[in-house]
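For the sequence shown, the residue numbers in UniProt numbering are 1 to 411. Every residue, glycine too, gets a C-beta built ideally from N, C-alpha and C. All of these numbers come straight from a predicted model, not from anything done at the bench.
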Amino acid sequence: MIFSYSNTWNFLHKGMQFPGPAGATSGQIRFIFNSPSSVIVNYGDGSLITYPTGTANRVQLDAGTNSDITASFPKYTYTQGDASTIRQIKIKLPEPEKLISISIDSNMLTMQQSLPVRFAQLTNLGTLALVNLQLTGIDENYLKLNNITFLSLRNAFQQGTRYYGSIPTDMLTGKKYTTLGYASQLGGKSFSQSNLDQIAPNLGSTLVTLALDGNNFTDVNGTDGALPENFSDLKVLTTLNLNSNSFTAPPAVINSITSLISLTISINPLATWGNLGALINLNTLSLASCPLLQPVVPGYFASLTKLKNLHFAGSFGNTTNAEAFISSFYSFVTTNTALTGANTLPFRGMTIVIGNNASDNVSASGHIITGTYQAPTGYVQGSNNGTPGSALEMIYVLETQYGHKWTYRTA
1 MIFSYSNTWN FLHKGMQFPG PAGATSGQIR FIFNSPSSVI VNYGDGSLIT YPTGTANRVQ
61 LDAGTNSDIT ASFPKYTYTQ GDASTIRQIK IKLPEPEKLI SISIDSNMLT MQQSLPVRFA
121 QLTNLGTLAL VNLQLTGIDE NYLKLNNITF LSLRNAFQQG TRYYGSIPTD MLTGKKYTTL
181 GYASQLGGKS FSQSNLDQIA PNLGSTLVTL ALDGNNFTDV NGTDGALPEN FSDLKVLTTL
241 NLNSNSFTAP PAVINSITSL ISLTISINPL ATWGNLGALI NLNTLSLASC PLLQPVVPGY
301 FASLTKLKNL HFAGSFGNTT NAEAFISSFY SFVTTNTALT GANTLPFRGM TIVIGNNASD
361 NVSASGHIIT GTYQAPTGYV QGSNNGTPGS ALEMIYVLET QYGHKWTYRT A
């Protein structure tokens, strides 16, 4: 029997397209296998479709309209019923032991339900990513899968489940995750309530990437502070994402995670830069959409000699402050950077995003930068920066003299 109970996942779905609601630009389910395989979908209207993995060893049921037969297939559109029609969709993996990654995200489900994925047979699963689903439950057998090293549960569960407002300790104990993403209203409470302080003791020697975006963290979280002090024990962490929280300054403990290469604290009410001077391995710093951020480069930047990528789109509050930051950054670079030489040298060859103009697919962001992009008076390539009279002349010097690439808004 093609759809036996043991390896069939039964989704309840309402609407005229799957995955996600009709017309949505998000919502997908993605499978990656360790060798060629297939996914069989019974759409509940008599249609039974087998999707081959092709050369990519993956199947993606996508919310988009483009189709690549080797990997991605467009939404399935129903010809009967209406937006209120409830259907039972059955997904089967003929070779579940070959599955190494499953990602379900962004409105793929149109009805509240427990995730119907049955994990017991997914013995080689290494990646589980569930994002923006508002689930009522999950098959707890995923906790028994020893090969999972990438776990992302971000806004995946409804309030009232054990995954909402805290991290279940059995999700951490004895695990060897290298990537962990968790967003479920952990902020505003003590770490003993959220179990945030259990991440480092359990994953300190393995965790490379940690995403805690969208948790409504504050500077205090009860009386415990911004982040647990034991985060200093995350000895191999290279990437930390704290987007969409309520920090007014970078949490102090971050400065002790000296292995960090990439740090993101965008979409926060940051008013100060804090102290990140010990992060000597930092390559990428993202502080975008922080309108209260002071437009002055902190002195500790001189210690961050590996820094190459900066993202500030939508920060600093207005054009005056954005241009003040450009002026401050110009002074910092021209004071601390060789005028000539390889772009691998400190503070040469940097990429800085402070905004962008609107295009066909992207809305304008950031604040309009004024002036004319041109060489300033007295500019000589390789020997003299001249005297810039506007923010755009400063950017001209930084790009042509120091090998920078700036993205900014002019309209």
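- Between glutamate 323 and alanine 278 a beta carbon distance of about 30 Å is seen, past the 8 Å cut, so the two are scored as non-contacting.
- Residue range 319–336 is occupied by the alpha helix (DSSP H) that includes phenylalanine 325.
- Secondary structure at proline 201: helix, using DSSP grouped into helix, strand and coil.
- Inter-segment contact for the stretch 331–349 and the stretch 283–292 is absent: fewer than three beta-carbon pairs are separated by less than 8 Å.
- By DSSP's assignment, tryptophan 406 forms a beta bridge with Ile352.
- Glutamine 193: member of the alpha helix (DSSP H) spanning 191–194, first to last residue.
- Taking a contact to require three or more Cβ pairs closer than 8 Å, the stretch 90–103 and the stretch 29–47 qualify as touching.
- Counting of Cβ neighbours within 10 angstroms places glutamate 393 among the buried residues, the total reaching 16 or more.
- Contact between threonine 136 and glutamine 112 is confirmed by a C-beta separation of about 6 Å, below the 8 Å threshold.
- Shown here, proline 251 sits in coil according to DSSP, grouped into three states, outside any helix or strand.
- A contact is defined here as three or more CB-CB pairs under 8 Å, and the stretch 230–247 meets this definition with respect to the stretch 199–211.
- In the DSSP assignment, proline 52 falls within the beta strand (DSSP E) that extends over 48–52.
- Serine 286 carries a strand assignment under DSSP once its states are collapsed to helix, strand and coil.
- Going by beta carbons, asparagine 7 and proline 116 fall outside the 7 Å limit.
- Of Ala120, Leu61, Thr77, the smallest CA-CA separation from methionine 108 is found for Leu61.
- The C-beta of glycine 299 has fewer than 16 other C-beta atoms within 10 Å across all chains shown, which makes the residue exposed.
- Exposed is the label assigned to isoleucine 86, since fewer than 16 other Cβ atoms lie within 10 Å of its Cβ.
- The beta carbon of threonine 264 is closer than 6 Å to those of Asn241, Asn243, Ser286 in its chain, skipping five residues each way along the sequence.
- Taken through DSSP and simplified to helix, strand or coil, phenylalanine 157 comes out as strand.
- Lysine 92: member of the beta strand (DSSP E) spanning 86–92, first to last residue.
- Taking C-beta separations shorter than 7 Å and ignoring five residues to either side along the sequence, the partners of threonine 169 in its chain run Asn195, Gln198, following chain order.
- In this structure the stretch 366–382 touches the stretch 304–324; the number of beta carbon pairs closer than 8 Å is three or more.
- DSSP places serine 38 in the uninterrupted beta strand (DSSP E) bounded by 38–42.
- Cβ neighbours of asparagine 357 within its own chain (closer than 7 Å, five residues either side excluded): Ala364, Arg409, Thr410, Ala411.
- When Leu122, Ser205, Pro269 are compared, the shortest CA-CA separation from glutamate 95 is found for Leu122.
- Counting of Cβ neighbours within 10 angstroms places asparagine 385 among the buried residues, the total reaching 16 or more.
- In this structure alanine 249 does not touch leucine 276 by the C-beta definition: roughly 10 Å separates them, more than the 8 Å allowed.
- Taking C-alpha positions only, isoleucine 32 is separated from threonine 223 by approximately 43 Å.
- For serine 262, the enclosing beta strand (DSSP E) begins and ends at 262–264.
- In the DSSP assignment, the residues bridged to valine 380 are Asn384.
- For valine 131, the pairing in a beta bridge is given by DSSP as Asp105, Arg154.
- Counted as a single uninterrupted DSSP element, the beta strand (DSSP E) harbouring isoleucine 29 occupies residues 28–33.
- Residue pairing by DSSP places arginine 58 opposite Ile32 in a beta bridge.
- Membership of glycine 181 in the beta strand (DSSP E) is indicated by the continuous run 179–183.
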